[in-house]
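Take a look at the structure below.
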Amino acid sequence: MEYQENIGDNMKWRLKEQIDKNGDTLEELANYLEITYQTLSKKMNEHVDFTRTEIKKIKSRYNLTAEQIEYIFFTD
Numbered sequence: 001m002e003y004q005e006n007i008g009d010n011m012k013w014r015l016k017e018q019i020d021k022n023g024d025t026l027e028e029l030a031n032y033l034e035i036t037y038q039t040l041s042k043k044m045n046e047h048v049d050f051t052r053t054e055i056k057k058i059k060s061r062y063n064l065t066a067e068q069i070e071y072i073f074f075t076d
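FYI, in the UniProt record's numbering the residues of the sequence shown are 1 to 76.
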């Protein structure tokens with residue numbers, strides 16, 4: 001049961017929540033970041049790190065606070 005409780009508690013799902021909340025799609029976000037959908041997928045699955053510039057663009061696009069950025073990208 002512990003696995004079920006934590007299934008949405010990773011960077012991918014925290015970012016996906018913001019994408020959905022803002023009526024965006026992964027494709028739209030990838031285009032906005034000027035990366036491919038495949039690269040965005042790798043970043044969301046934590047195979048490749050987001051750049052500082054990409055994080056700043058995401059912060060701006062979704063009007064996120066510093067605390068929200070910390071939670072989405074830097075909380076284990």
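Glycine included, C-beta positions come from ideal geometry on N, C-alpha and C.
Tyr62 sits in coil when the DSSP states are folded into three classes, being neither helix nor strand. Under the three-state reduction of DSSP output, Asp24 falls in the coil class, being neither helix nor strand. Pairing Thr36 with Val48 gives a Cβ-Cβ distance that is not under 8 Å. Between the alpha carbons of Asp9 and Asn45 lies a distance of about 13 Å. At a Cβ-Cβ threshold of 8 Å, Leu33 and Glu17 do not count as neighbours.
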